[in-house]
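Asks:
Residue numbers (our numbering), protein chains in the order written: chain B, 1 to 1018; chain Y, 10001 to 10438.
(1) Quick check: does the Cβ of residue 814 of chain B come within less than 6 angstroms of any heavy atom belonging to the ligand GDP?
(2) Ordered along the chain, which non-local residues of its own chain (more than five positions away) have a Cβ less than 7 angstroms from that of residue 881 of chain B?
(3) Check distances from the C-beta atoms of the stretch 76-90 of chain B to those of chain Y and list, in chain order, the residues that come in under 9 angstroms.
(4) Please classify residue 10315 of chain Y as buried or exposed, where buried requires at least 16 neighbouring CB atoms within 10 angstroms.
(5) Measuring only the C-alpha atoms, how far is residue 475 of chain B from residue 953 of chain B?
(6) Taking beta-carbon pairs under 8 angstroms, can you tell me which members of the stretch 35-58 of chain B lie near chain Y?
(7) Thinking just about the alpha-carbon of each residue, which of B/178, B/130, B/66, B/850 is nearest to the one in residue 149 of chain B?
(8) Using a C-beta to C-beta distance shorter than 9 angstroms, which residues of chain B count as neighbours of residue 10337 of chain Y?
(9) Need the endpoints of the alpha helix (DSSP H) that residue 534 of chain B sits in, please.
(10) Between which two residues does the beta strand (DSSP E) containing residue 779 of chain B stretch?
(11) So, with DSSP's three-state summary, where would you put residue 492 of chain B?
(12) Is it right to say residue 10319 of chain Y is buried, meaning 16 or more other beta carbons lie within 10 angstroms of its own, or is it exposed?
(13) Considering Cα atoms alone, identify which of Y/10132, Y/10101, Y/10054 is closest to residue 10038 of chain Y.
(14) At which residues does the beta strand (DSSP E) containing residue 826 of chain B begin and terminate?
(15) Output the distance between the C-alpha atoms of residue 596 of chain B and residue 905 of chain B, rounded to the nearest integer angstrom.
(16) Assuming residue 301 of chain B and residue 282 of chain B make a contact with CB atoms under 8 angstroms, what is their CB distance in whole Å?
(17) Give the single residue among B/828, B/838, B/197, B/846 whose Cα lies nearest to the Cα of residue 817 of chain B.
(18) Considering residue 10292 of chain Y, what are the terminal residues of the beta strand (DSSP E) in which it resides?
(19) Using 7 angstroms as the limit for Cβ to Cβ distance, is residue 23 of chain B near chain Y?
(20) Give me the subset of the stretch 10328-10356 of chain Y whose CB atoms are less than 9 angstroms from a CB atom of chain B, sorted by chain position.
(21) Kindly confirm or deny that the stretch 10342-10351 of chain Y and the stretch 3-23 of chain B touch, where touching means at least three C-beta pairs closer than 8 angstroms.
(22) May I ask you to report which of helix, strand or coil DSSP gives residue 10437 of chain Y?
(23) Give the DSSP bridge partners of residue 10187 of chain Y, in chain order.
(24) Name the chain B residues whose beta carbon is nearer than 8 angstroms to that of residue 10376 of chain Y?
(25) Return no unless some Cβ of chain Y is closer than 7 angstroms to the Cβ of residue 15 of chain B.
(26) Does DSSP put residue 580 of chain B in a helix, a strand or coil?
(27) According to DSSP, what are the bridge partners of residue 10218 of chain Y?
(28) How would you label residue 775 of chain B, buried or exposed, when you count the other beta carbons within 10 angstroms and need 16 or more for buried?
(29) Is it true that the CB of residue 10409 of chain Y sits closer than 7 angstroms to the CB of residue 10183 of chain Y?
(30) Between the C-alpha atoms of residue 372 of chain B and residue 321 of chain B, what's the straight-line distance to the nearest angstrom?
(31) Taking only three categories from DSSP, how would you classify residue 862 of chain B?
(32) From what residue to what residue does the beta strand (DSSP E) around residue 808 of chain B run?
(33) When DSSP labels each residue in this structure, what does residue 687 of chain B get in the three-state scheme?
(34) Go ahead and pull the three-state DSSP assignment for residue 425 of chain B.
(35) Could you pull out every residue in the same chain whose Cβ sits closer than 6 angstroms to the Cβ of residue 354 of chain B, ignoring the five residues on either side in sequence?
(36) Taking Cβ positions only, does residue 10380 of chain Y come closer than 7 angstroms to chain B?
So this is what it looks like as structure tokens:
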């Protein structure tokens, strides 16, 4: 640099460096800045040398972090100096001091342009470098043609063209319009013929940016890229200076492969073959060597190649070669390489088919779990998590459990969460799952989030045959001397519910169980005490005949907590005491908890949200994909509220929707209110999250509760109608008949599905069609599960959707054949365009043996699926109601011949259609007022208001008024509700069957994974 | 008596412990790490001298390049703790003979440990008077070679000294010439608006004494303060003189002053310690005589030029003069060139503080020198940052002038032997923060 002889500058720099502290430095700098300002003001007296010197000083001061905005002008003005030394200073300092948004830069555009189109190569380089660093939009607009010309000109030296390519890249990023796609694609291809590797590398960077925006236009570049790659891989004509540790220009290789990844596929067979040869060569030729730099370079190339291989969906052989290579990597001692190996293996999991091959390295991966380096351990954990499936779940989870006790604390939470998820998803049997989770809690109690133990409670509650086992198991754990609080929570809950199942066993009398639990009471925190209290109340309830001693003991405890400072504990104590004292009939309220409605594991949801790392994310995504593929069971195992508990349905619904009973005041509601309070933890802020996850859906969600009820109505009728076992998805094969008769009433099933989102749409001896739906706004996603129930394949499967005009539906490809005992899923996307009551029909046909079966099934993509319940306040409601006056926006009709039903039932029915009843808006108790929003693509969300006036004297008629912002919607919705009110599926409301009959234990064939999972996920 | 400290740490700027002394075991040894982690290494250092971390409170103070940190875990008296630190530092200084810094501490750490043992016991402050401590902690600090030589004095009975009625003065002092020096030092704090109206003004003053008196003298000081004069006129049952009386606020005395007599008779009477000490401190907010008036006019002519005219008027007696007058007139950061015209003294532009500095070595009373300057600014892009116009600052010293008007009316010395004494009285007024907005 031309700094020789700049004595002032070096003296200044050494002064600054000699400063003892920041204050001294600031004083020195301020003094110098004063000097510089003084000099700059003396415009006349500044020689070019001095100008240069002061601008350098200014740059130095700027680099130390001080503001030098007074000198920008000077720096920019130096650009236009005629001589190289000043021009260079001007360019360098300008690109350091200013950014693209600076106004001063505008002044320089013209000078820069002159330098670019000038003949002097040095000046061209300076100008291109600066523009490449800080050029903004304005530069892009005024300089792009010149830069392009330079890049393409054959008379320029490669040095200039290289810089021109990079400069153009910057300009393109600032303003993509400067590159005219049509013209430029050919020129780009032409550029790729360049022999000079420097120019080629720069052009390739440009191409990466171009292709990432629009790959269509640059198809012509594809073969050339392959050719370049081939040239490099064969090491043909690569000059020495572009060879890095024996690797021909690794940067260019990486960039070229990056470009290729932007093209969806390679069609030309020749090119494809060549490319695969090259990739093969790269895969073969890469190995781990001693030299770090060489390793870095060759691995960069290799991993890019791997990414390309994955992208191109190479043949299985190549994939397995990749995995083998990665297997070599993860066995290396060098941690960086091992890390890369693990991370890329996790990526490979995204590609199908390789899972089996990766499994071979399981042992090696498990050793990595014990690596001293925490990032490697994390990767290994991710990989294990990603590669886990039914076959190796047991091994992996055992391994994770073992590792848990030695893992470091930062990882334990994640580890335990993952172990819990894997155990849940791939459990070969449920008792194993319970074992695993209890072990988890035992080993890492502090790291177990509430979700994990909530989940195990849900499973135990929903599976009758598990209850005894779980109760016995938790008791074993409780017998241990030191028990973690989470374990106390689980065991208190489970023992409270199911300890009576153990009563016959030695050491498990209610009294002993009670004292076992009560021992723990002094050690636990306030969040656990409520659970213990519930357990006591339940234990007390289950004793027959009543044990006076235990009773007085427990009452004493309740008495004691009646004055507890914690509101939750206090309330429970008071209520339980009152309940116990009321005597046996009221104890029904303390009966076993009903089954939980099936829902997605909150653990998996949590895992999806909590992760941030990219590789982890990919693993999680993969997992969630598998999740859907495993969820092959669409069971109808509805929560059997009515069946197990002797409380009548009406009462139950009262309990579930506490807001509906607040006005009444007789004893029974009083009690149910209490029960509501027991479960409705949500109303009490201090302990809102305690049990809400377990109890939430029962207590809070009014409408789903009602859904459950009507579902039960619908299906109990169905049970009466056929012998089909409703509880398991896959029915025992014995009773086959040749005539293909649908099992169950197809219409009933359709109506049931109108109200809920998953269930069986159709079933006959050969095939079962299940549906699982998700609705969000005007979008819907249905998944059809086509399950072959037999040991022979079902062929000529055809599914055609007859779409009504108001819907847009897309059914993915339906396979022609369904293999024996397999299930295929066909996602079906639904978009609602406008309101209509028309129903889509699935025309489904298949051939089994010689039977050709064709059925036409209505799909439950009905009007109410696009509704979203919404709670409106009285003001909102009335202002809307008044503003929508008269037809066609507001329609009124007197409906006769309505199926008589009590008002709460009608309210439940409406709620189940996602039309939300707004209690209290209408002063007349015989009227119902409801609101909802309707989603469609043409209109987005529209608020709909409903008012139904019933006549207490004549239940068969009512007057219905509907209002919404759209006349069609008003009409269609009115008709829809009318249809529903008149033609309700009249389920015979027979007496609730015995629990055993309502809950047939799913008979799990021991060696059928699908059925096992069916049982698991039910 | 309140607890003042559970432990004392002396740290250097990097946070290394130079000296630590634990007085109580209610704080752990790793407390200083907490201080380092949570105070020294954060930006909060210097924002608040009292901080709580965990269950412990940290009081800290920086003196030259040393942090003195007091840690307590109980509810301590903060003022007491800080007073203790200040006194302890004064004590150390008197032992080392001047500087108190890292090097001095390293050179004297045995002495410091010995002193720390003596001046605080189980967290309660003890005698901190250097005169007394020097009686029984005779180990001399390593003095810098330039300070005065220690004299070889006999060691008198220290116990009697400490437990006696006059703990701060030794018996049996003999001086050939009995002299008393009394200085009244005032510093004026002022904030004045550009129009010349006083926004804030007060004077903090102290009376410093140096006594070289034999035996056990009893001194009595009379000032022209309001309470004293009123009391006197009451006692003598004659009307107060028409002369100016001063109202003193916040008076604090050295421990030698007999407070019962002050309360009953409103006279300041005391048996002085030997040597130098600060007799009293006071503050005055009413009726302050300002020594200088400043009349600035600063005009911004366009974006790149400024015209500054400052007139300074001395309002004390014509026979008096001020010394070391420095007037700092702030200018914008982008000042490039300046040119001055002054009627006395010298002016220049100092870029490091962004001020025009005008120095007048000797400034007679009742004069008004002026400065007029032209300032050229360099233009920048960031015009939005308008100049905030900080106030003009002024430094000065005016001997034989008190801004409060306080005067010594008498200083009487009684001693059994009835020797004659020579009394010297000086007045001096300095600038505290003397600021004039412009």
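Where a beta carbon is used, it is the ideal one built from N, C-alpha and C, also for glycine.
Replies: Looking at the coordinates:
(1) Absent from the structure shown: the ligand GDP. Ligands present: none.
(2) 945, 963, listed in sequence order.
(3) Cβ proximity to chain Y below 9 angstroms picks out nothing from the stretch 76-90 of chain B.
(4) By the C-beta density criterion, residue 10315 of chain Y is exposed, having fewer than 16 other C-beta atoms within 10 angstroms.
(5) Distance between the alpha carbons of residue 475 of chain B and residue 953 of chain B is about 58 angstroms.
(6) Answer in chain order: 35, 37, 38, 40, 41, 42.
(7) Among B/178, B/130, B/66, B/850, the Cα nearest to that of residue 149 of chain B belongs to B/178.
(8) Per Cβ cutoff of 9 angstroms: 37, 38, 41, 42.
(9) For residue 534 of chain B, the uninterrupted alpha helix (DSSP H) run begins and ends at 529-542, by DSSP.
(10) Note, residue 779 of chain B: beta strand (DSSP E), 779-788.
(11) DSSP places residue 492 of chain B in the helix class (H, G or I) of the three-state scheme.
(12) The residue in question, residue 10319 of chain Y, is exposed, as its Cβ has fewer than 16 Cβ neighbours within 10 Å.
(13) Closest by alpha carbon: Y/10054.
(14) Where residue 826 of chain B is concerned, the enclosing beta strand (DSSP E) stretches over 823-832.
(15) Taking the straight line joining both Cα atoms gives about 22 angstroms.
(16) About 6 angstroms; that satisfies the 8 angstroms criterion.
(17) Distance check between residue 817 of chain B and each of B/828, B/838, B/197, B/846 places B/846 closest, using alpha-carbon atoms only.
(18) Judged by DSSP secondary structure, residue 10292 of chain Y falls within the beta strand (DSSP E) whose first and last residues are 10292-10301.
(19) At a cut-off of 7 angstroms between beta carbons, residue 23 of chain B makes no contact with chain Y.
(20) Here the close residues are 10333, 10334, 10335, 10336, 10337, 10338, 10349, 10350, 10351, 10352, 10353, 10354.
(21) Segments in contact, no.
(22) The answer is coil: DSSP assigns residue 10437 of chain Y none of H, G, I, E or B.
(23) Note: residue 10187 of chain Y sits in a beta bridge opposite Y/10204, Y/10430.
(24) Within chain B, the residues near residue 10376 of chain Y are 41.
(25) Taking Cβ atoms only, chain Y never reaches closer than 7 angstroms to residue 15 of chain B, which makes this a no.
(26) Residue 580 of chain B: helix per DSSP, three-state reduction.
(27) Residue pairing from DSSP places residue 10218 of chain Y in a beta bridge opposite Y/10414.
(28) Looking at its Cβ environment, which holds 16 or more other Cβ atoms inside 10 Å, residue 775 of chain B is buried.
(29) Against a cut-off of 7 angstroms, the Cβ pair of residue 10409 of chain Y and residue 10183 of chain Y comes out as no contact.
(30) Cα-Cα distance, rounded: 29 angstroms.
(31) For residue 862 of chain B, the three-state secondary structure derived from DSSP is coil.
(32) Segment 807-811, the beta strand (DSSP E) holding residue 808 of chain B.
(33) Any reading at residue 687 of chain B must be qualified, since the residue scores a pLDDT of 37, below 50, and its modelled position is unreliable; the value itself is stated next. Residue state, collapsed to three classes: helix.
(34) Of the three classes helix, strand and coil, the one that applies to residue 425 of chain B here is helix, per DSSP.
(35) So the qualifying residues of the chain are 319, 323, 348.
(36) Residue 10380 of chain Y belongs to the set of residues whose beta carbon lies under 7 angstroms from a beta carbon in chain B.
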